[in-house]
Amino acid sequence: MDETAKLAVTNQKGGVGKTMTAINVAGALNERGRDVLLVDLDPQGAATEGLGFLEAYDAAPPSLLEVLTEPEHREAITDLVVEHAEMDVLPSNIDMAAAERELTLSRRGGEQLALALQELEDDYDYVVVDCPPYLGYLTDNGLYATQNILIPALAESTSKRALELLFDHVEMLEAEYETTIVERGLVANRVEETNEAKEMMEWFDEAFPDIPVWEVRKRVAFQRAFSAGESILAHDPDLDMAEVFLDVAASLDEQFGFTDAEVAR
1 MDETAKLAVT
11 NQKGGVGKTM
21 TAINVAGALN
31 ERGRDVLLVD
41 LDPQGAATEG
51 LGFLEAYDAA
61 PPSLLEVLTE
71 PEHREAITDL
81 VVEHAEMDVL
91 PSNIDMAAAE
101 RELTLSRRGG
111 EQLALALQEL
121 EDDYDYVVVD
131 CPPYLGYLTD
141 NGLYATQNIL
151 IPALAESTSK
161 RALELLFDHV
171 EMLEAEYETT
181 IVERGLVANR
191 VEETNEAKEM
201 MEWFDEAFPD
211 IPVWEVRKRV
221 AFQRAFSAGE
231 SILAHDPDLD
241 MAEVFLDVAA
251 SLDEQFGFTD
261 AEVAR
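Take 1 as the starting number for the sequence shown in full-length UniProt numbering and just add one per residue.
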């Protein structure tokens, strides 16, 4: 596999485990020997803070905001990347709260991340983008830059409407940019032993027959791992649900054409 694989983790419904999914998928890919860049596009900076980079989140400009909104600062993206034991991280920043407004005024507002990533994407096997929990220009940037989507969701009935809105938005974006965004899988998070959860897991399988659907059961260890600033693979590799994220990573490797024999660049 010569080309960098890029993946957006997104669902505009909040509280679905989006950032947890992004961090643990990145950690699982690292376990498989892949060199991963995690991009935190969320102005709230949950991934940035969760991985221990609060100083970067509070840092003075230039930040990711300037990289996305001021072409003369695009090359600064390489200086913003910070190293984590499991992955590199392109952190969000407190100033990213202004990004939606600034990108609205930009002539190519939905393409800025794709242009910026050209500066460094060849250094990685994977770029995983943690998108904001809403539909807007930042999410558009994540989708356009990666053209691949991994969907985190909860096994509850409200997910149906949220997914409908997400796919409507993806279709609109595909038409606007004349591109195709590929669904790589759905991760059902915090699944419990309830009738609603059982029914929703069946619905996911029926609604998405052509993509993998993974079931991640509720475990307090995920929150402990997040609080420790690492993925579940580093924090508690023997946890039963850690194996699910290794399965996700193996599936992504297969879908993107990586072989077991390949090592990180």
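Ideal Cβ placement from N, Cα and C applies to all residues, glycine included.
Just so it is clear, the structure is predicted and the values come from calculations on it, not from any experiment.
Taking 8 Å as the cut-off, decide whether the C-beta atoms of Asp42 and Ser92 are in contact.
-> Yes. Within cutoff.
Can you tell me which of Leu64, Pro132, Ile232 puts its alpha carbon nearest to the alpha carbon of Ala112?
-> According to the sequence displayed, residue 112 carries Gln and not Ala. Nearest of Leu64, Pro132, Ile232 to Gln112, Cα basis: Leu64.
Since Gly50 and Phe226 are thought to touch, with beta carbons under 8 Å apart, how far apart are those beta carbons, to the nearest angstrom?
-> Confirmed, about 5 Å.
Sequence ranges, beta strand (DSSP E) only - wholly within the region 95-167, length at least 3 | Qualifying beta strand (DSSP E) stretches, in chain order: 126-130, 148-154.
Glu156, buried or exposed, once every other Cβ within 10 Å from all chains shown has been counted against 16 = With 16 or more Cβ atoms within 10 Å of its Cβ, Glu156 is classed as buried.
Would you say the region 141-160 touches the region 177-189, given that touching needs at least three Cβ pairs under 8 Å?
-> Taking 8 Å as the limit for Cβ pairs, the verdict is that the region 177-189 does touch the region 141-160.
What whole-angstrom Cβ distance do Thr19 and Ala59 have, given they're in contact under 8 Å?
-> About 20 Å; that fails the 8 Å criterion.
Thr4 beta carbon less than 8 Å from that of Glu196 | No. Outside cutoff.
DSSP beta-bridge partners for Arg217?
-> Per DSSP, the beta bridge partners of Arg217 are Val191.
Name, in chain order, the residues that DSSP records as bridge partners for Ala8.
-> According to DSSP, which records beta bridges pairwise, Ala8 is partnered with Val129, Ile149.
Please say whether Asp168 and Trp214 have beta carbons closer to each other than 8 Å?
-> Against a cut-off of 8 Å, the Cβ pair of Asp168 and Trp214 comes out as no contact.
Can you tell me the Cα-Cα spacing of Glu178 and Thr48, whole angstroms?
-> One C-alpha to the other measures close to 32 Å.
Which residues does DSSP pair with residue 270 in a beta bridge?
-> This structure leaves residue 270 out entirely; the chain is present only between 1 and 265.
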